[in-house]
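Numbering (my numbering), first residue to last: 22 to 289.
What follows is the structure, encoded as structure tokens:
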């Protein structure tokens with residue numbers, strides 16, 4: 022599988038899709054997570070990145086990392102060119118991707134214009150976080166990139182990571198959606214979310230698949246949500262149309278008129 026996947030990367034057989042991230046305060050799209058797929062090798066609904074990082078195939082990891090960053094930058098520029106300058110593009114990386122060589126490559130690629138790109142740290146293996154790695158993350162933030170911690174509450178994404186990494190967004194694992202509200206962990210998480218939001222950080226609840234999940238995310242007071250309840254991962258043009266349709270939907274009935282209608286005052 023590793024050799025075949027490496028060949029697929031070299032021949033750029035990966036497809037990239039965008040899954041919307043939605044603000045719970047405005048119900049508008051604020052960005053997309055860039056997801057790689059390779060249906061030919063069975064990666065139809067999941068990214069090959071997890072397999073790559075667990076396999077220890079350094080060459081394939083590097084190729085996937087570079088290809089993902091290139092596509093993220095190109096996607097953000099394409100979005101900006103059609104009037105969506107404020108939409109961020111989240112791209113998955115691993116702690117091991119923050120090597121000195123990789124970070125220099127990213128800076129050269131972007132010409133120090135990483136605004137609109139969010140590097141989403143997804144841990145696939147337990148990796149010691151060094152002082153040098155943290156310094157490089159700070160440098161990339163200085164170049165304009167945002168940083169997100171992915172899958173908080175699962176595996177290696179925990180309070181140690183959150184305390185060590187300078188992050189702008191934290192994405193919560195979907196297991197919190199079913200946590201009992203009187204559970205001590207749930208109460209503690211809600212307190213942490215309040216602190217993070219007070220610090221100006223975005224808190225994204227992942228795995229929103231139905232209205233019940235959405236209500237659970239709102240009960241936790243997360244700032245954003247992501248999942249199939251809103252949309253599956255879409256090709257670029259479909260994602261753009263989805264965003265436009267969502268904006269149009271918001272504009273069809275002004276909020277004040279909705280209130281009037283609900284009170285039986287539509288004639289006003």
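Ideal Cβ positions, reconstructed from N, Cα and C, are used throughout, including at glycine.
Quick one: give me the first and last residue of the alpha helix (DSSP H) that residue i is part of.
i, result
"residue 216", "205–219"
"residue 180", "180–185"
"residue 223", "Per DSSP, residue 223 belongs to no alpha helix (DSSP H); it is in the beta strand (DSSP E), 223–226."
"residue 240", "232–241"
"residue 9", "The requested residue 9 is not part of the displayed model; the chain covers only 22 to 289."
"residue 36", "That residue, residue 36, is in no alpha helix (DSSP H); its beta strand (DSSP E) goes 36–44."
"residue 121", "121–131"
Let's see if you can read the secondary structure: which residues bound the beta strand (DSSP E) around residue i?
i, result
"residue 109", "109–114"
"residue 58", "50–58"
"residue 158", "No beta strand (DSSP E) contains residue 158, which is instead part of the alpha helix (DSSP H) from 152–163."
"residue 141", "138–142"
"residue 167", "167–173"
"residue 191", "190–193"
Within this structure, are the beta carbons of residue i and residue j separated by less than 8 Å?
i, j, result
"residue 257", "residue 107", "no"
"residue 235", "residue 197", "no"
"residue 89", "residue 113", "yes"
"residue 207", "residue 215", "no"
"residue 244", "residue 218", "yes"
"residue 103", "residue 261", "yes"
"residue 128", "residue 164", "yes"
Keeping to the same chain, check which residues put their C-beta closer than 8 Å to that of residue i; ignore five residues upstream and five downstream.
i, result
"residue 187", "155, 158, 159, 162 and 168"
"residue 116", "142, 144, 148, 150 and 154"
"residue 238", "45, 198, 226, 229 and 246"
"residue 280", "With a pLDDT of only 39 at residue 280, under 50, the local geometry of the prediction cannot be trusted, and no value is derived from it."
Quick one: what's got a C-beta closer than 7 Å to residue i's C-beta in the same chain, skipping five residues either side?
i, result
"residue 174", "193, 194, 196 and 197"
"residue 185", "150 and 155"
"residue 285", "With a pLDDT of 42 at residue 285, under the threshold of 50, the modelled position of this residue cannot be trusted, and the question is left open."
"residue 222", "188, 189, 190 and 191"
"residue 273", "A caution first: residue 273 carries a pLDDT of 49, below 50, which makes its placement in the model too unreliable to give a value."
Ignore the nearest five residues each way along the sequence and tell me which others in residue i's own chain have a CB closer than 6 Å to its CB.
i, result
"residue 109", "52, 137 and 139"
"residue 36", "58"
"residue 248", "228, 229 and 230"
"residue 31", "none"
"residue 100", "108"
If residue i sits next to residue j, beta carbons under 8 Å apart, how far is it from one beta carbon to the other, in whole angstroms?
i, j, result
"residue 45", "residue 111", "At roughly 17 Å, the Cβ-Cβ gap does not stay under 8 Å, so residue 45 and residue 111 are not in contact."
"residue 251", "residue 43", "5 Å"
"residue 38", "residue 255", "6 Å"
Out of the options, point me to the one whose CA is closest to residue i's CA.
i, options, result
"residue 134", "98, 104 and 214", "98"
"residue 264", "127, 42, 38 and 50", "50"
"residue 118", "232, 80 and 233", "80"
"residue 126", "170, 38, 221 and 91", "91"
"residue 87", "180, 130 and 268", "130"
"residue 268", "165, 85 and 48", "48"
"residue 182", "254, 209 and 152", "152"
"residue 224", "233, 213 and 166", "213"
"residue 40", "232, 85 and 253", "253"
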